[in-house]
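**Q** Please read through the structure below; I'll follow up with questions.
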Amino acid sequence: AGDSAVREGRLPDELLIEALVPTAADPALAPVGQHLLTVRVPGLPLMPKGGWPALSTKLVERIVAALERHTPHLRERIVGLDLRLPQEEEPFSAARLAASYAERVSTPIEGLFLCGIGAEPMNAISGRAGRLAAGIAQAWLAREKRA
Numbered sequence: 222a223g224d225s226a227v228r229e230g231r232l233p234d235e236l237l238i239e240a241l242v243p244t245a246a247d248p249a250l251a252p253v254g255q256h257l258l259t260v261r262v263p264g265l266p267l268m269p270k271g272g273w274p275a276l277s278t279k280l281v282e283r284i285v286a287a288l289e290r291h292t293p294h295l296r297e298r299i300v301g302l303d304l305r306l307p308q309e310e311e312p313f314s315a316a317r318l319a320a321s322y323a324e325r326v327s328t329p330i331e332g333l334f335l336c337g338i339g340a341e342p343m344n345a346i347s348g349r350a351g352r353l354a355a356g357i358a359q360a361w362l363a364r365e366k367r368a
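Mapping the sequence shown onto our numbering, position 44 (from 1) lands on 265, and the numbers just tick up by one.
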């Protein structure tokens, strides 16, 4: 149902919401007592019927309502919003999905490892690639130390 809604230029009935709070790891990213909430919603129409200006308010409302089920009173604590609308993302490829993390994280430059969105099997903000790259880099450093 979600795929057909997107093809028709509508918001899917169920939003897939990826959310993280970067200030939990680095409080210096926001003023004292405040936090940043980063939300990514994949699977949105690139060119919705009526255009994004008309649909963006509805999208924000649905995201906040969904998150508020898990974080009561979230709406009243929001002091700012930076909405970035869907853009063309790197197309998914079977090679990217099938590649191991070691293949996605490694580069031709010895000791250089990728840890961003390009090292994920699909575009995501989870930080998973960074955690895995750190482990691969640590193993590489241990080998270098023994050599």
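No residue lacks a Cβ here, since even glycine has one placed at the ideal position from N, Cα and C.
Inspect the beta-carbon positions of Leu-258 and Ala-246 and report whether they are closer than 8 Å.
**A** Counting from one through the sequence shown, the residue named residue 258 turns up at place 37. Counting from one through the sequence shown, the residue named residue 246 turns up at place 25. No, Cβ-Cβ distance for Leu-258 and Ala-246 is not below 8 Å.
**Q** Could you say if the segment 332-351 and the segment 279-294 meet the contact criterion of at least three C-beta pairs nearer than 8 Å?
**A** Touching, no, given that fewer than three Cβ pairs across the two stretches are closer than 8 Å.
**Q** Apply the 10 Å Cβ neighbour rule to Val-242 and answer buried if 16 or more other Cβ atoms are within range, or exposed otherwise.
**A** Locating residue 242 in the sequence shown gives position 21, where the first residue counts as 1. Result: exposed.
**Q** So, helix, strand or coil for Ala-240, using DSSP?
**A** Along the sequence shown, one-based indexing puts residue 240 at 19. Strand at Ala-240.
**Q** For the alpha helix (DSSP H) containing Thr-201, name the first residue and the last one.
**A** Residue 201 lies beyond the residue range present for the chain, which begins at 222 and ends at 368; the question has no answer from this structure.
**Q** Rounded to a whole number of angstroms, what is the C-alpha to C-alpha distance between Leu-237 and Val-300?
**A** Position 16 of the sequence shown, counted from the start, is the residue given in the question as residue 237. Position 79 of the sequence shown, counted from the start, is the residue given in the question as residue 300. When rounded, the distance between both Cα atoms is 24 Å.
**Q** On the DSSP bridge assignment, give the partners of Ser-327 in chain order.
**A** Reading the sequence shown from its first residue, position 106 is the one you call residue 327. Paired residues: Phe-334.
**Q** Just the C-alpha distance for Leu-353 and Lys-270, rounded to the nearest angstrom, thanks.
**A** Reading the sequence shown from its first residue, position 132 is the one you call residue 353. Reading the sequence shown from its first residue, position 49 is the one you call residue 270. About 40 Å.
**Q** For Pro-266, tell me which candidate among Ala-363, Pro-307, Pro-252 has the shortest Cα-Cα distance.
**A** Residue numbering aside, residue 266 sits at position 45 when the sequence shown is read from its first letter. When each option's Cα is compared against that of Pro-266, the closest is Pro-307.
**Q** Does DSSP classify Gln-359 as helix, strand or coil?
**A** Start at 1 with the first residue of the sequence shown, and residue 359 comes out as number 138. Gln-359: helix per DSSP, three-state reduction.
**Q** May I ask which residues mark the beginning and end of the alpha helix (DSSP H) holding Lys-279?
**A** For the purposes of this step, residue 279 is taken as the residue at position 58 of the sequence shown. Its alpha helix (DSSP H) spans residues 273-289.
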